[in-house]
Each structure stands twice: as C-alpha cells, then as structure tokens.
Amino acid sequence: MRTPRRTFMIHSIGAAALAIAGRSVWAAPPQLQESDPAAQALGYTADATRVDHTKYPHFSSNQRCANCQFYQGKPADANALCALFGAKQVSGAGWCKAYQARA
Numbered sequence: 495m496r497t498p499r500r501t502f503m504i505h506s507i508g509a510a511a512l513a514i515a516g517r518s519v520w521a522a523p524p525q526l527q528e529s530d531p532a533a534q535a536l537g538y539t540a541d542a543t544r545v546d547h548t549k550y551p552h553f554s555s556n557q558r559c560a561n562c563q564f565y566q567g568k569p570a571d572a573n574a575l576c577a578l579f580g581a582k583q584v585s586g587a588g589w590c591k592a593y594q595a596r597a
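Under my numbering, the first residue of the sequence shown carries the number 495, and numbering increases by one thereafter.
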C-alpha cells in the first residue's frame with residue numbers, strides 16, 4: 495500500500511511538532527542561580543551553611559528551603575520549585591530571607 499506524499503508530509507510534520515513540544519513540556523525547570531537578581535534581592539544561597547549570620551541575624555541553623563512553606567516539593571527532594579522564584583528550582587538545602595516554616 496502506498497501512502498500519498500501529502501499524507502506522509504502531514505504526519506511527519508505533526509510528529510516533529512509533538513516531539514518538540516514534548517521535550518519542552520517534560521524538561522526540568524532551570525535551577526535558580528545565586529547571581530539571579532531575584533535571588534540576590536532575597537539573599538538566596540544554595541547552601542544554608544554558608545549564610546552570613548552577621549547580615550541575617552534571624553537565621554537559624556534548622557531553616558532550609560526544604561522545610562519552608564514556599565517550597566513546592568517534598569521535604570526529601572534535593573531540588574524543587576519555589577513559589578517566590580516562579581519557574582525556577584531551588585536547592586532543598588538552600589535558604590533565603592523570606593523563609594517561613596511549614597505549618
């Protein structure tokens with residue numbers, strides 16, 4: 495059975511479009527960089543052990559992104575989205591000055 499050229503082209507273009515769309519839908523969100531302006535505004539650091547205690551005296555050693563109410567992953571997740579940083583992932587071991595303990 496021969497497939498007409500027009501049908502073949504339509505199916506090929508459709509398959510290519512689905513492959514491209516699928517790649518962008520399933521791609522992991524980018525990781526938030528400490529150099530990002532939003533991260534700098536909130537004092538984000540990917541490793542809470544490096545928080546400057548003189549600059550943030552209210553910081554407590556048990557505060558981590560993973561146990562913050564804005565962290566959208568499970569506490570055991572290494573990285574997850576944060577409600578404060580839009581479509582970027584933060585480190586579960588990180589911290590920022592907007593930290594609020596989970597209820």
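For every residue, glycine included, the Cβ atom is placed at its ideal position computed from N, Cα and C.
Going by CA-CA distance only, name the one from the options that's closest to residue i.
{"i": "Ala533", "options": "Ser554, Ser555 and Cys559", "result": "Cys559"}
{"i": "Ala587", "options": "Val545, Thr501 and Lys549", "result": "Val545"}
{"i": "Ala522", "options": "Ala574, Leu578 and Arg596", "result": "Ala574"}
{"i": "Ser555", "options": "Thr543, Asp530 and Gln566", "result": "Thr543"}
{"i": "Leu578", "options": "Pro531, Ile507, His505 and Arg500", "result": "Pro531"}
{"i": "His567", "options": "Ser585, His547, Ala597 and Arg500", "result": "For the record, residue 567 in the displayed sequence is Gly; it is not His. Ranking the options by Cα distance to Gly567, first place goes to Ser585."}
{"i": "Ala581", "options": "Asn561, Pro524 and His547", "result": "Pro524"}
Look at residue i and residue j and say whether their C-beta atoms are less than 8 Å apart.
{"i": "Leu526", "j": "Gln563", "result": "no"}
{"i": "Gln551", "j": "Asn561", "result": "The sequence shown places Pro at residue 551, not Gln. Cβ atoms of Pro551 and Asn561: not closer than 8 Å."}
On the DSSP bridge assignment, give the partners of residue i in chain order.
{"i": "Tyr538", "result": "In the DSSP output, where bridge partners are listed per residue, Tyr538 has none listed."}
{"i": "Ala595", "result": "Cys562"}
{"i": "Gln583", "result": "Gln525 and Leu575"}
Self-check item: Three CB pairs or more closer than 8 Å across the segment 537 to 547 and the segment 579 to 592
Solution: With the cut-off at 8 Å, the segment 537 to 547 and the segment 579 to 592 touch.
Self-check item: Unbroken stretches of the beta strand (DSSP E), 3 residues or longer, contained in the segment 541 to 575
Solution: Listed in chain order, the complete beta strand (DSSP E) runs (minimum 3 residues) inside the segment 541 to 575 are 573 to 575.
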